[in-house]
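For reference, the structure discussed in these notes is given below.
Number of protein chains: 2
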Amino acid sequence: MTQTVNDHSIKLVSEYFKSLQNKIISCLEEEDAVSQFSIENIATPGGGVSQPRVLSEGKHIEKAAVMFTHSIGATLPDAATERKPELTGKPFQATAISLIVHPNNPYVPMTHMNLRFFIVSGDEPTWHFGGGYDLTPYYPFEEDIIHWHTTAFNASGEHYRKLKAECDDYFYLSHRQEARGIGGLFFDDWVEGGFEKSFSFVKAIGDSFLKAYQPILSKRKDQTFGERERDFQLFRRGRYAEFNLAIDRGTKYGLQSGRRVESVLASLPPLAKWTYNYPIEPNSPEEKLTEYFLVPKDWI
Amino acid sequence: MTQTVNDHSIKLVSEYFKSLQNKIISCLEEEDAVSQFSIENIATPGGGVSQPRVLSEGKHIEKAAVMFTHSIGATLPDAATERKPELTGKPFQATAISLIVHPNNPYVPMTHMNLRFFIVSGDEPTWHFGGGYDLTPYYPFEEDIIHWHTTAFNASGEHYRKLKAECDDYFYLSHRQEARGIGGLFFDDWVEGGFEKSFSFVKAIGDSFLKAYQPILSKRKDQTFGERERDFQLFRRGRYAEFNLAIDRGTKYGLQSGRRVESVLASLPPLAKWTYNYPIEPNSPEEKLTEYFLVPKDWI
Numbered sequence: 001m002t003q004t005v006n007d008h009s010i011k012l013v014s015e016y017f018k019s020l021q022n023k024i025i026s027c028l029e030e031e032d033a034v035s036q037f038s039i040e041n042i043a044t045p046g047g048g049v050s051q052p053r054v055l056s057e058g059k060h061i062e063k064a065a066v067m068f069t070h071s072i073g074a075t076l077p078d079a080a081t082e083r084k085p086e087l088t089g090k091p092f093q094a095t096a097i098s099l100i101v102h103p104n105n106p107y108v109p110m111t112h113m114n115l116r117f118f119i120v121s122g123d124e125p126t127w128h129f130g131g132g133y134d135l136t137p138y139y140p141f142e143e144d145i146i147h148w149h150t151t152a153f154n155a156s157g158e159h160y161r162k163l164k165a166e167c168d169d170y171f172y173l174s175h176r177q178e179a180r181g182i183g184g185l186f187f188d189d190w191v192e193g194g195f196e197k198s199f200s201f202v203k204a205i206g207d208s209f210l211k212a213y214q215p216i217l218s219k220r221k222d223q224t225f226g227e228r229e230r231d232f233q234l235f236r237r238g239r240y241a242e243f244n245l246a247i248d249r250g251t252k253y254g255l256q257s258g259r260r261v262e263s264v265l266a267s268l269p270p271l272a273k274w275t276y277n278y279p280i281e282p283n284s285p286e287e288k289l290t291e292y293f294l295v296p297k298d299w300i
Numbered sequence: 301m302t303q304t305v306n307d308h309s310i311k312l313v314s315e316y317f318k319s320l321q322n323k324i325i326s327c328l329e330e331e332d333a334v335s336q337f338s339i340e341n342i343a344t345p346g347g348g349v350s351q352p353r354v355l356s357e358g359k360h361i362e363k364a365a366v367m368f369t370h371s372i373g374a375t376l377p378d379a380a381t382e383r384k385p386e387l388t389g390k391p392f393q394a395t396a397i398s399l400i401v402h403p404n405n406p407y408v409p410m411t412h413m414n415l416r417f418f419i420v421s422g423d424e425p426t427w428h429f430g431g432g433y434d435l436t437p438y439y440p441f442e443e444d445i446i447h448w449h450t451t452a453f454n455a456s457g458e459h460y461r462k463l464k465a466e467c468d469d470y471f472y473l474s475h476r477q478e479a480r481g482i483g484g485l486f487f488d489d490w491v492e493g494g495f496e497k498s499f500s501f502v503k504a505i506g507d508s509f510l511k512a513y514q515p516i517l518s519k520r521k522d523q524t525f526g527e528r529e530r531d532f533q534l535f536r537r538g539r540y541a542e543f544n545l546a547i548d549r550g551t552k553y554g555l556q557s558g559r560r561v562e563s564v565l566a567s568l569p570p571l572a573k574w575t576y577n578y579p580i581e582p583n584s585p586e587e588k589l590t591e592y593f594l595v596p597k598d599w600i
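Top line first, the protein sequences correspond to chains A and B.
Residue 1 is where the first sequence starts when you use this note's numbering, and the numbers rise one by one after that.
Residue 301 is where the second sequence starts when you use this note's numbering, and the numbers rise one by one after that.
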């Protein structure tokens, strides 16, 4: 798209993603106060690298995965190019940070964040950024959601409405006719204003993630809860697994492109429950989740 | 395919499926000795009926779903006709019994069975049977697996080799390069010898299911187990959820055709675990599961 996009661009973006990964890991370890992330550095076929960081069974975080991946591929798989079939089979590179946090406490929402840069080689390289972040609460507090969306708005500015709407569209379980969570930001094929401007935009979003999530984690992680809340959390995590396994394009792409399965599926819940005809009482907080919070609305 | 296949055929098959459903339910309730199946009779769009029977949190059975469904559809959805695109959009009927059993005890394998009759209306109706059964153990006993496959062989006779091979092919998690279980029987597009003969074949398979499963359930349900075995069972159930949500054609068809989601996804495990880099000790029973039992072989 512009002359300036080349291997050096990939390096710049990768360095940013890796520094963001470190920042997020430090923050989550501090919040957990007990457990640390495991460290692996895995060479991938074609000369790429996968740097998974996973925290398991912490005091406050049941599972967090913060993954950096730089993929180098000889031939682009189908799932990546459904909308651009002319690119199928071409050599490509992708660099990405991807994270999920499954907290112990049902009052802390789980979250997902992903930022990626994608380039198909050639005389005129085709590239774009993609990503975003979204929040999946079980027992939401309205003020937390307003804070989440306000932070997302501050990071994305004039683009917020569009990215918020795309997030609501994408994270939707059509078979349940239900939103996955309360949304956030989602963008794909992002080339707006060329590489420099797009990269700045992506950095603004990346830098805003902890501002959006940490205050909520910090404020709710010691909230008292019982069997009922835990049970509902495990049940709702089933919905999350349904989305990731049956719907998510990123997961399909990851599995098709032969990426390491443990990394691709690290997002799946540490523990999840499928209860047939789960009983939801009228006017309960559990009903309010689906009837009020998961209905897309203007939060700010 | 033959003049004799009509609404009366659907009725005959439905009656057999419903009597088999009752037989299986009685047997499972007797084995559980504590819990009963819930009973629902739900009219479905187009004049069909769904009769889900679900047992939850029993003494020996953590979740069992034995579903009878008669679907009547105005237009055949895509997923049903990937191999026969010329049928897309035509009116159809399908009658089916489908079951899963998730036992409490990790020494009892979980199982899945499905039998279905499918007919596309028209001057020359197109019809076929499909189905089979398979077993997914966590800590298998070789004698149980030999019993399972011997029973399957006795029911399917000369067709056993083919149906066993198709089962191994179908229940395979390509992203894990791993079989879902130790197999059984699988057939689709079955019209062999015309309606009468095909129906007899399907009845022989249906009638053999309890002979195959009940002795294993009965023999292993009181086996002592600990945290380790329970943990591994929950972890392996994650694989089952991966298959059903990301791979299974029946699930895709069910969700696409607008069938009741609670019925379609009743197969999902009551509780499942995704542990990153699950530690498998060399020469452990857990290693033996994947390295020996889940490698397709001739069991009889």
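Just so you know, even glycine gets a beta-carbon here, dropped at the ideal spot from N, CA and C.
Short of 6 Å from the beta carbon of residue 267 of chain A, and not among the five residues preceding or following it, lie these beta carbons of its own chain, in chain order: 100, 244. One finds 261 in chain A with Cβ atoms closer than 8 Å to the Cβ of residue 476 of chain B, taken in chain order. C-alpha of residue 515 of chain B to C-alpha of residue 365 of chain B: approximately 19 Å in a straight line.
Per DSSP, residue 285 of chain A is one residue of the alpha helix (DSSP H) stretching across 285 to 288.
For the segment 275 to 287 of chain A, residues whose beta-carbon sits nearer than 8 Å to a beta-carbon of chain B comprise 275, 276, 277. Between residue 470 of chain B and residue 533 of chain B a beta carbon distance of about 23 Å is seen, past the 8 Å cut, so the two are scored as non-contacting. Separation of residue 168 of chain A and residue 229 of chain A (C-alpha to C-alpha, rounded to the nearest whole angstrom) is 25 Å.
Residues of chain B whose Cβ lies closer than 7 Å to the Cβ of residue 242 of chain A are, in chain order, 545. CA-to-CA, the gap between residue 76 of chain A and residue 119 of chain A works out to about 10 Å. Close CB contacts of residue 321 of chain B within its chain, under the 6 Å cut and outside five residues either way in sequence, are with 366, 368, 397 (chain order). Within chain A, 272 have C-beta atoms less than 7 Å from the C-beta of residue 572 of chain B, given in sequence order. Rounded to the nearest angstrom, the gap between the Cα atoms of residue 314 of chain B and residue 370 of chain B is 7 Å. With respect to chain B, the C-beta atom of residue 56 of chain A has a partner C-beta closer than 8 Å. Inclusion of residue 113 of chain A and residue 201 of chain A in the CB contact set at 8 Å is not warranted, their separation being larger than that value.
For the options A:260, A:288, A:275, A:293, the alpha carbon positioned closest to that of residue 48 of chain A is the one of A:260.
Each residue's CA atom was taken as its position, placing residue 52 of chain A and residue 265 of chain A some 12 Å apart. Two segments are said to touch when three or more pairs of C-beta atoms, one from each, lie closer than 8 Å; by this definition the segment 470 to 483 of chain B touches the segment 433 to 450 of chain B.
Remark: three or more beta-carbon pairs, one from each stretch, lie closer than 8 Å, so the segment 235 to 255 of chain A and the segment 540 to 554 of chain B are flagged as touching. Collapsing the DSSP output to three states places residue 477 of chain B in coil. Interface residue (Cβ-Cβ distance to chain B less than 8 Å): residue 179 of chain A is not classified as such.
Out of A:218, A:237, A:224, A:284, the CA that lies nearest to the CA of residue 32 of chain A is found in A:218. Neighbours of residue 538 of chain B in chain A, taken as residues at a C-beta separation under 8 Å, are given in chain order as 268. Residue-level contact by beta carbon holds for residue 65 of chain A and chain B, with a gap shorter than 8 Å.
Residue 394 of chain B has B:371, B:418 as its beta-bridge partners, per DSSP. Within its own chain, the residues whose Cβ lies closer than 7 Å to the Cβ of residue 372 of chain B, once the five positions on either side in sequence are excluded, are 346, 347, 348, 393, listed in chain order. According to DSSP, residue 185 of chain A shares a beta bridge with A:133. For residue 294 of chain A, no chain B residue has a Cβ inside 7 Å of its Cβ, as the nearest lies near 16 Å away.
The beta carbons of residue 225 of chain A and residue 275 of chain A sit no closer together than 8 Å. Annotated three-state conformation of residue 349 of chain B is strand, per DSSP. In chain order, 138, 139, 225, 229, 230, 232, 233 place their CB closer than 8 Å to the CB of residue 106 of chain A, counting only its own chain and leaving out the 5 sequence neighbours on each side.
For residue 25 of chain A, the enclosing alpha helix (DSSP H) begins and ends at 7 to 32. Neighbours of residue 255 of chain A in chain B, taken as residues whose beta carbon is under 7 Å from its own, are 475 in chain order.
The DSSP-derived three-state label of residue 85 of chain A is helix.
Taking a Cβ-Cβ cut-off of 7 Å, residue 376 of chain B has no neighbours in chain A, whose nearest Cβ is about 18 Å from it.
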